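Start counting at 1 in the sequence shown, then tack on 30, and there's your number in our numbering.
In what follows, a structure is listed as structure tokens, so that the remarks can point back to it.
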Amino acid sequence: AAEDGSQAWLRYAPVVQGEISTFSPTSIIALNTSEISPVYAARQELQKGIRGMLGVQLGFNSTKNASAIIVGTVEAYKAKYGDLGEQEQLVDDGFYLNSQGRNVLIIGQNERGALYGAFEYLSRLAQGNFGPVSSISNPHAPIRWANEWNNLDGTIERGYAGPSIFFEGGFVKENLTRVAEYARLLASVRINAVVVNNVNANPTLLSARNIEGLGRLADVMRPYGVQLGIALNFAAPQTFGQLDTFDPLDPKVDAWWGNNTDQIYARVPDMAGYLIKANSEGQPGPLTYNRTLAEGANMFARAVAKYGGVVMFRAFVYDNKLNPAIWKADRANAAFEFFRHLDGKFDENVVVQIKYGPIDFQVREPASPLFSALRQTNTAIELQITQEYLGHQTHLVYLSPLWKEILDFDLRADNKSSQVKDIVSGKRFKRSLGGFAGVVNVGTNTNWLGHHLAMSNLYAYGMMAWDPSVDPETILQDWARLTFGSDRAVLDTITSMSMSSWPAYENYTGNLGIQTLTDILYTHFGPNPASQDNNGWGQWTRANKKSLGMDRTVRNGTGNAGQYPPEIAQMYENTESTPDNLLLWFHHVPYTHRLKSGETVIQHFYDAHYAGAAVAQEFVKQWESLKGKIDEQRYQEVLFRQEFHAGHALVWRDSINQFYYNLSEIPDEAKRVGIH
Ligand code: GCW
Numbered sequence: 031a032a033e034d035g036s037q038a039w040l041r042y043a044p045v046v047q048g049e050i051s052t053f054s055p056t057s058i059i060a061l062n063t064s065e066i067s068p069v070y071a072a073r074q075e076l077q078k079g080i081r082g083m084l085g086v087q088l089g090f091n092s093t094k095n096a097s098a099i100i101v102g103t104v105e106a107y108k109a110k111y112g113d114l115g116e117q118e119q120l121v122d123d124g125f126y127l128n129s130q131g132r133n134v135l136i137i138g139q140n141e142r143g144a145l146y147g148a149f150e151y152l153s154r155l156a157q158g159n160f161g162p163v164s165s166i167s168n169p170h171a172p173i174r175w176a177n178e179w180n181n182l183d184g185t186i187e188r189g190y191a192g193p194s195i196f197f198e199g200g201f202v203k204e205n206l207t208r209v210a211e212y213a214r215l216l217a218s219v220r221i222n223a224v225v226v227n228n229v230n231a232n233p234t235l236l237s238a239r240n241i242e243g244l245g246r247l248a249d250v251m252r253p254y255g256v257q258l259g260i261a262l263n264f265a266a267p268q269t270f271g272q273l274d275t276f277d278p279l280d281p282k283v284d285a286w287w288g289n290n291t292d293q294i295y296a297r298v299p300d301m302a303g304y305l306i307k308a309n310s311e312g313q314p315g316p317l318t319y320n321r322t323l324a325e326g327a328n329m330f331a332r333a334v335a336k337y338g339g340v341v342m343f344r345a346f347v348y349d350n351k352l353n354p355a356i357w358k359a360d361r362a363n364a365a366f367e368f369f370r371h372l373d374g375k376f377d378e379n380v381v382v383q384i385k386y387g388p389i390d391f392q393v394r395e396p397a398s399p400l401f402s403a404l405r406q407t408n409t410a411i412e413l414q415i416t417q418e419y420l421g422h423q424t425h426l427v428y429l430s431p432l433w434k435e436i437l438d439f440d441l442r443a444d445n446k447s448s449q450v451k452d453i454v455s456g457k458r459f460k461r462s463l464g465g466f467a468g469v470v471n472v473g474t475n476t477n478w479l480g481h482h483l484a485m486s487n488l489y490a491y492g493m494m495a496w497d498p499s500v501d502p503e504t505i506l507q508d509w510a511r512l513t514f515g516s517d518r519a520v521l522d523t524i525t526s527m528s529m530s531s532w533p534a535y536e537n538y539t540g541n542l543g544i545q546t547l548t549d550i551l552y553t554h555f556g557p558n559p560a561s562q563d564n565n566g567w568g569q570w571t572r573a574n575k576k577s578l579g580m581d582r583t584v585r586n587g588t589g590n591a592g593q594y595p596p597e598i599a600q601m602y603e604n605t606e607s608t609p610d611n612l613l614l615w616f617h618h619v620p621y622t623h624r625l626k627s628g629e630t631v632i633q634h635f636y637d638a639h640y641a642g643a644a645v646a647q648e649f650v651k652q653w654e655s656l657k658g659k660i661d662e663q664r665y666q667e668v669l670f671r672q673e674f675h676a677g678h679a680l681v682w683r684d685s686i687n688q689f690y691y692n693l694s695e696i697p698d699e700a701k702r703v704g705i706h
């Protein structure tokens, strides 16, 4: 088969390792054979996977006394075979896998869970794991969504892998083959819904033709247990409907949304819900009418409530025309300021979707303080798989370690353990809903994200949303075995490259919490430290001849450190207790300020940029060592990316170092930077 990457981690290549001879099933018994059911999809997937991996063709009729794989829901199992015993511990989407007896049992709490169990079983076989297993697996949180910033014209905002698989020319595409394939991939990593259109939403999504198209999208994803979600434009009643207002408290507007929602649900009865970006970056919202963001969110919540729908309401609200002359102005303060006083005012089916850090998907940010401030509100964390500020998938950056740091971070709300992962799961503040949203932006590129190795991020996102306690290296290795096979050298090399990639990227871009230092005005790609300051976007570094960094202290700065619960606020208030990697996020210091390592800030910049860029050079050699060990097509395509990455890391190193040298005029102790 051509190794073009389209199958990603679901290749089902022949398995050469493990106790293959112990594999005994001769048939698959699916407890639901309706073609639109995920249990049916599970059956087909099991048959296909086992044929590919083991060369065994399993039938669908059981023979007495032979071993079978039984897949279905708890309810269906009980109806046919009686008690299962284990099911009490299962929650929605969870599954029970047991291969200890004659039969292999793959039993989901619901249909989707059964499909997840089938993928888990296949993943074990693919990795040569034929040993008996008995395990219960439940999701950490109910919401595990993908967001796709796809425009109706087929372009993708911050998409780096070609045009949309969902839309074209203003409408949903006719041919949705790739959407079905994508849903299959998502289901295999337990993602249960996709918002298909850009949060900067086009109101014409609500046209009759597009509602029909949305129906077709939902139809092709439904067999994989992936629900449809859509992003809405707040002003649609006026700009698309015929109303003279979009005031959320105007009964006409309320009725308009109710009516439109009914029409969508008539075609997509199981739609997951809406995603709303309001009053952000020029998008319309309730603030236009002096209504609160909660009043805006609740309007949609009322419309979808009777269908069990959810409203994901983004906390990414800020003023993008901030005045840089004001020392205390701070974009990082915005989400907390807009949302904190609304705690408790959102309907039960609203989830406030919060970007992991206070600014915008930078290479390093502290966790958003808003997570600790919303106690009577459902929350979700928004992560980015698409590498907007992180190299557009031309750089290898494995992001799971970054996400893990945020998810594990303990915000110490009320001086008690308050890890971000336990807040978004609803556990910490006893909320019924919550979870994860990941901006993916796959495109029509055969390999989905434009770089074969970038797919580890999509895989890891799904697996971490399911279980944030997993070790980033462990999931990476599962992904690598599934994607490239189990050759030890391949595994070790990909592990070493991936695990060192985020630290390397941080080193040759922006260190010490200064932000990524990409061009922030247009592309968000490549070095442009000068673009950060003196504009309204608020991603400032405040770099001058003597000093740099944002003073976010309460004492003398923007007060942002004070948005955190006391223990954390205190830590960030002082340079001595702030970790070096966030020093310039919270403090404005001279270039000569000494870090905990004893190095000065400026010398650290110089050294880190050399060190990070050197690591990226190594990636090329490391990858070259795999020639002949993986198929030629993927070998060459990754090599092409790594060569670009290596070159671009040098561009980064020299531009950033030269920029700060020119500003500070402080020579590099190692005499590499500047003119000598
Ligand atoms: O960082 C910004 C991106 C925008 C994006 C916005 C958001 C979809 O540059 O492209 O808009 O974030 O998250 O809403």
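Note that beta-carbon positions come from the ideal geometry of N, C-alpha and C, so glycine has one too.
What you are looking at is a predicted structure, and each value in this text was computed from that prediction instead of being measured.
- Report yes if the C-beta of Asp390 is less than 8 Å from at least one heavy atom of the ligand GCW; otherwise report no. Asp390: yes, Cβ under 8 Å from the ligand GCW.
- Message: Just to confirm the assignment, what range does the alpha helix (DSSP H) spanning Gly465 have?
- Response: Secondary structure note for Gly465: it is in no alpha helix (DSSP H), and the uninterrupted beta strand (DSSP E) holding it is 464-469.
- Query: Between Asp684, Trp682, Asn692, which lies nearest to Lys575 when the distance is taken from Cα to Cα?
  - Reply: When each option's Cα is compared against that of Lys575, the closest is Asn692.
- Item | Helix, strand or coil at Lys651 according to DSSP, with G and I counted as helix | Helix, per DSSP.
- Touching by the beta-carbon criterion (3+ pairs, under 8 Å), the segment 500-519 and the segment 374-383: Contact fails: fewer than three Cβ-Cβ distances are below 8 Å.
- Message: At a threshold of 8 Å, does Trp570 count as lining the ligand GCW (C-beta to nearest heavy atom)?
- Response: Checking every heavy atom of the ligand GCW against the Cβ of Trp570, none is found closer than 8 Å.
- Message: Output needed for Glu65: all residues of its chain with C-beta closer than 8 Å, excluding positions within five of it in sequence on either side, in chain order.
- Response: Hits under 8 Å: Pro253.
- In the structure shown, what three-state DSSP assignment does Glu75 receive? In the structure shown, the three-state DSSP call for Glu75 is helix.
- Since Asp440 sits in a beta bridge, which residues does DSSP pair it with? Answer by DSSP bridge pairing, in chain order: Gln449.
- Message: So for Pro431, helix, strand or coil by DSSP?
- Response: If DSSP states are grouped into helix, strand and coil, Pro431 belongs with the helices.
- Leaving out five residues on either side along the sequence, give the residues of the same chain with a beta carbon under 6 Å from the beta carbon of Thr707. This structure gives no information on residue 707, because the portion of the chain shown stretches from 31 to 706.
- Message: Quick check on the burial criterion: 16 or more other C-beta atoms within 10 angstroms. Buried or exposed for Val46?
- Response: Exposed.
- Message: Spatial neighbours of Arg321 within its chain, please: C-beta separation below 8 Å, excluding the five flanking residues on both sides.
- Response: The answer, listed in chain order, is Asp277, Pro278, Leu279.
- Compute the beta-carbon to beta-carbon distance between Pro354 and Asp698, rounded to the nearest angstrom, for a pair I have assumed lies under 8 Å. That pair is no contact at about 29 Å.
- Item | Sequence-distant residues of the same chain with beta carbon closer than 6 Å to Ser129, five excluded per side | If we look at Ser129 and ignore the five residues flanking it on each side, its Cβ neighbours are Pro162, Val163.
- Query: Any heavy atom of the ligand GCW closer than 8 Å to the Cβ of Arg582?
  - Reply: Arg582: no, Cβ never under 8 Å from the ligand GCW.
- Task: Would you check if there are 3 or more beta carbon pairs closer than 8 Å linking the segment 583-590 to the segment 611-627?
- Result: Cβ pair count under 8 Å is three or more, so yes.
- Item | Cβ pair Trp39, Trp357 closer than 9 Å | No; because the gap between Cβ atoms is not below 9 Å, this pair is not in contact.
- Would you list the one or two residues that DSSP bridges to Met342? Leu305, Val381, per the DSSP bridge assignment.
- Message: Am I right that Val14 and Leu488 are in contact with their C-beta atoms under 8 Å? What's the rounded C-beta distance?
- Response: Outside the shown range of the chain, which is 31 to 706, sits residue 14, and nothing can be said about it.
- Query: Along the chain, which unbroken stretches of the alpha helix (DSSP H) at least 4 residues long are found entirely within the segment 225-313?
  - Reply: The DSSP assignment places complete alpha helix (DSSP H) segments of no fewer than 4 residues inside the segment 225-313 at 238-251, 266-269, 281-297, in order along the chain.
- Message: Just to confirm the assignment, what range does the alpha helix (DSSP H) spanning Thr207 have?
- Response: Start and end: 207-218.
- Message: Among Asn611, Lys78, Pro299, whose alpha-carbon lies nearest the alpha-carbon of Ile241?
- Response: Nearest C-alpha to Ile241: Pro299.
- Task: Buried or exposed for Phe90, please, with buried defined as at least 16 other CB atoms from any protein chain shown within 10 angstroms of its CB.
- Result: Burial check for Phe90: the Cβ neighbour count within 10 Å stays below 16, so the residue is exposed.
- At which residues does the beta strand (DSSP E) containing Phe376 begin and terminate? Bounds of any beta strand (DSSP E) do not take in Phe376, whose DSSP letter is neither H nor E.
- Message: My output table needs one value for Val167: the three-state DSSP class, helix, strand or coil.
- Response: Residue identity differs from the one stated: residue 167 is Ser in this sequence, not Val. Note: Ser167 maps to strand in three-state DSSP.
- Query: Ends of the alpha helix (DSSP H) at Ser516?
  - Reply: Per DSSP, Ser516 belongs to no alpha helix (DSSP H) and is neither H nor E.
- Task: Starting from Asn692, trace the alpha helix (DSSP H) both ways and give me its first and last residue.
- Result: First-last of the alpha helix (DSSP H) with Asn692: 662-694.
- If you compare alpha carbons, which of Gly473, Thr63, Glu325 is closest to Phe343? Per the Cα distances, Glu325.
- Query: Is the distance from the Cβ of Phe264 to the Cβ of Asn309 below 9 Å?
  - Reply: In contact: Phe264 and Asn309 (Cβ atoms closer than 9 Å).
- Query: Beta carbon of Arg344: closer than 8 Å to some heavy atom of the ligand GCW?
  - Reply: In this structure, the C-beta of Arg344 approaches the ligand GCW to less than 8 Å from one of its heavy atoms.
- Query: Exposed or buried, what is Lys336 when buried is set at 16 or more other beta-carbons lying within 10 Å of its beta-carbon?
  - Reply: Counting Cβ neighbours within 10 Å, Lys336 comes out exposed, since fewer than 16 surround it.
- Query: Considering only residues of the same chain and omitting the five flanking positions on each side of Tyr640, which have a CB-CB separation below 7 Å?
  - Reply: Within the same chain, and ignoring the five residues on either side of Tyr640 in sequence, the residues whose Cβ sits closer than 7 Å to its Cβ are Arg683, Arg702.
- Would you check whether the ligand GCW has a heavy atom nearer than 8 Å to the C-beta of Lys351? With a threshold of 8 Å, the Cβ atom of Lys351 does not count as near the ligand GCW, since no heavy atom of the ligand is closer than that.
- Query: Pairing CB atoms from the segment 550-565 with CB atoms from the segment 658-670, are three or more of them under 8 Å?
  - Reply: No: the two stretches stay apart, fewer than three of their Cβ pairs being nearer than 8 Å.
- Could you check which residue in Tyr111, Arg142, Ala109, Arg132 has the C-alpha nearest to that of Gly124? Checking every option, the nearest Cα to that of Gly124 belongs to Arg142.
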